[in-house]
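The next block holds one structure in the form of structure tokens; read it before the comments.
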Amino acid sequence: MNTRKKLSDLAKTIRSKNAGTDKITFDIIFRERDTYEMVKRSGVLTRESVCRTLNVDPARLTDFVEYDPAYAIKFTILRERPSGSAGDGDIFGAQQYAPFLDVEVDISA
105 MNTRKKLSDL
115 AKTIRSKNAG
125 TDKITFDIIF
135 RERDTYEMVK
145 RSGVLTRESV
155 CRTLNVDPAR
165 LTDFVEYDPA
175 YAIKFTILRE
185 RPSGSAGDGD
195 IFGAQQYAPF
205 LDVEVDISA
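Counting in this note's numbering, the final residue of the sequence shown is number 213, and the numbers go up one at a time with none missing.
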């Protein structure tokens, strides 16, 4: 029996967007409390794992919140360069969530 599922199969919403010109914020939102709690217990979404998944220095992670009332895990990173500046490949920050789609969660936890 497969005891692993992709985060994209468990979450209602996985998204990223600008949080001003210098930050990108991420939201991973779940429909049910049980699923949200299971993902928290699994340890796949922590400050450290988010930095690894995004390949960013931990100093760039400015916020990490497990927001229980909304069954959501939210975090924010500093952009490498201001939104819309030369070399910015994602002016709206809306494509940065993709690495989280394939994160595997142990559902036996």
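Note that CB positions come from ideal geometry on N, CA and C, so glycine has one too.
| Item | Value |
| --- | --- |
| Meets three-Cβ-pair contact criterion under 8 Å: the segment 172-180 and the segment 122-139 | yes |
| C-alpha distance - S112 paired with N122, whole-angstrom precision | 21 Å |
| Run of the beta strand (DSSP E) containing L165, from where it starts to where it stops | 165-171 |
| Boundaries (first-last residue) of the beta strand (DSSP E) holding T150 | Counting along the chain, T150 falls outside any beta strand (DSSP E), and DSSP gives it neither H nor E. |
| For K116, the residue or residues it bridges with in DSSP | Looking at the DSSP assignment, K116 forms no beta bridge with any residue, so it has no partner. |
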